[in-house]
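Report on the structure given below.
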Amino acid sequence: MNPTLVAVRAGVARGGIEVRQSLTNVQDLWNYFFPNFAFLVVMFFMRDATVPGTNFSLGARTLPSVLGGGLAFGALVTMMMTLTVEREDGTLLRAKAVPNGMLGYLVGKVVQVAGMSLIGSAILVIPGVFLVDGVAPAGPEAWLTLLWVLVLGLVACLPLGAIFGSLFANPRNVGVIMLPIMGLVATSGIFYPITNFPVWLQWIGQAFPVYWLGLGMRSALLPDELAAVELGGSWRHLETFGALGAWAVLGVVVAPIVLRRMARRESGSTVAARKEKALQRIN
Numbered sequence: 001m002n003p004t005l006v007a008v009r010a011g012v013a014r015g016g017i018e019v020r021q022s023l024t025n026v027q028d029l030w031n032y033f034f035p036n037f038a039f040l041v042v043m044f045f046m047r048d049a050t051v052p053g054t055n056f057s058l059g060a061r062t063l064p065s066v067l068g069g070g071l072a073f074g075a076l077v078t079m080m081m082t083l084t085v086e087r088e089d090g091t092l093l094r095a096k097a098v099p100n101g102m103l104g105y106l107v108g109k110v111v112q113v114a115g116m117s118l119i120g121s122a123i124l125v126i127p128g129v130f131l132v133d134g135v136a137p138a139g140p141e142a143w144l145t146l147l148w149v150l151v152l153g154l155v156a157c158l159p160l161g162a163i164f165g166s167l168f169a170n171p172r173n174v175g176v177i178m179l180p181i182m183g184l185v186a187t188s189g190i191f192y193p194i195t196n197f198p199v200w201l202q203w204i205g206q207a208f209p210v211y212w213l214g215l216g217m218r219s220a221l222l223p224d225e226l227a228a229v230e231l232g233g234s235w236r237h238l239e240t241f242g243a244l245g246a247w248a249v250l251g252v253v254v255a256p257i258v259l260r261r262m263a264r265r266e267s268g269s270t271v272a273a274r275k276e277k278a279l280q281r282i283n
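Residue numbering for the sequence shown is 1 to 283, as defined by UniProt numbering.
What follows is the structure in structure tokens.
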């Protein structure tokens, strides 16, 4: 059997196992429910506010935006944290020692993080459609839009998380990049229409996949008349596909190169040194 195919199948199986295990882990369950519960509470209290220039609920407009922003944030941060932690504890080194182990490892992480992101999204959306009115795909075209935006958005964001995760050997240093990511989410029109931001901030938001993932989700789940409050007065499906596709191609090309370079620097002595430093900090 083809060794590459074996590695991919092993990675898919491992990712599936880790997703199932997350459903029995108290900390993972907390991470699933608490942020989404907080978002639902916020949107519930926003239900009587309206999108500027319309009579449409700002809470309903925020739900698909948060869905897109949450998928992007979860894919970036979860992948980044997972790689950094498993680099420190030696998991990455063990994967490196197996033929095609890095390929299987990366496939497993993609399946795991994508699965966890989708579970979190379901926890947000299912009760959300009952709490706020006006959120639902309107026909097959909307469902198709939801599907391609979801898949392309994850493919755009997961490799970026892997690239960021490869930059840090110490999980405690990941906070350096957390604040910029949170700032990017805040300026990408997730919680408030980006048209109300300064023009220079609008350009920054549009340069990254978070904005386009939120826009794509809004286009699939909101009425067509809400497109009038977006930049350009439309859902810009072609631009969304192009922007997310460009980030996906960039990530798919760059991430394996960065991960291979990171893996080459890993050895038993470097892992042991990091563990020793961690023990010293605890003591």
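Every residue, glycine too, gets a C-beta built ideally from N, C-alpha and C.
query: How about Leu259 and Ser166: are their beta carbons less than 9 Å apart?; result: yes
query: Nearest to Val149 by CA position, among Ala207, Ala243, Phe45, Leu5, is which residue?; result: Ala243
query: Under the three-state reduction of DSSP, which class applies to Ser57: helix, strand or coil?; result: strand
query: Provide the residue(s) that pair with Thr50 in DSSP beta bridges, ordered along the chain.; result: Ser57
query: For the region 59 to 77 and the region 149 to 164, state whether three or more C-beta atom pairs, one from each stretch, are separated by less than 8 Å.; result: yes
query: Quick one: what's got a C-beta closer than 7 Å to Leu184's C-beta in the same chain, skipping five residues either side?; result: Phe208, Val210
query: Grab me the residues of Leu215's own chain with a C-beta within less than 8 Å of its C-beta, minus the 5 sequence neighbours each way, in chain order.; result: Gly68, Gly189, Glu230, Trp235, Arg236, Thr240
query: Would you kindly report the start and end of the unbroken alpha helix (DSSP H) that includes Phe164?; result: 140 to 165
query: Would you kindly work out how many angstroms separate the C-alpha atoms of Asn196 and Ser219, rounded to a whole number?; result: 19 Å
query: Answer with buried or exposed for Asn36, where buried requires no fewer than 16 other C-beta atoms within 10 angstroms of its C-beta.; result: buried
query: Among residues of its own chain, excluding the 5 on either side of Trp212, which ones have a beta-carbon nearer than 7 Å to its beta-carbon?; result: Thr240, Ala243, Leu244
query: Work out the CA separation of Arg20 and Ala136 for me, nearest whole Å.; result: 28 Å
query: In chain order, what residues of the same chain have a beta carbon less than 8 Å from the beta carbon of Arg94, not counting five sequence neighbours either side?; result: Gly101
query: Using CA coordinates, which residue listed in Gly70, Ser117, Arg87 is at the minimum distance from Ala38?; result: Gly70
query: What residue range does the alpha helix (DSSP H) around Phe197 cover?; result: Segment: none, Phe197 is in no alpha helix (DSSP H) and carries neither H nor E.
query: Which of the three DSSP states is assigned to Thr187 in this structure?; result: coil
query: Need the endpoints of the alpha helix (DSSP H) that Leu213 sits in, please.; result: 209 to 221
query: Can you name the start and end residues of the alpha helix (DSSP H) that Leu259 belongs to?; result: 237 to 264
query: In chain order, what residues of the same chain lie with their CB nearer than 7 Å to the CB of Pro193, ignoring the 5 residues before and after it?; result: Val51, Pro52, Val229
query: Mind reading off the beta-carbon distance from Thr91 to Lys109? Whole number of angstroms is fine, and I expect it under 8 Å.; result: About 10 Å separates the two Cβ atoms, so there is no contact after all.
query: Using the rule of at least 16 other Cβ atoms within 10 Å of the residue's Cβ for burial, across every protein chain shown, is Val132 buried or exposed?; result: buried
query: Got a sec, what are the start and stop residues for the alpha helix (DSSP H) Glu93 sits in?; result: The identity of residue 93 in the sequence shown is Leu, whereas the question assumes Glu. That run of the alpha helix (DSSP H) goes 91 to 96.
query: Note the first and the last residue of the continuous alpha helix (DSSP H) segment covering Glu18.; result: 3 to 22
query: Assuming Ser117 is part of the alpha helix (DSSP H), what are its boundary residues?; result: 101 to 131
query: What's the gap between the Cα of Gln112 and the Cα of Gly161?; result: 13 Å
query: I'd like to check one pair, Val98 with Val12: are the Cβ atoms closer than 9 Å?; result: no
query: Which residue comes first and which comes last in the alpha helix (DSSP H) that contains Ala38?; result: 26 to 45
query: Is the separation between the beta-carbon of Gly115 and that of Gly15 shorter than 9 Å?; result: yes
query: Measuring CA to CA, which of Pro64, Trp143, Pro140, Thr24 is closest to Leu124?; result: Pro64
query: In whole angstroms, what separates the C-alpha of Val249 from that of Thr4?; result: 21 Å
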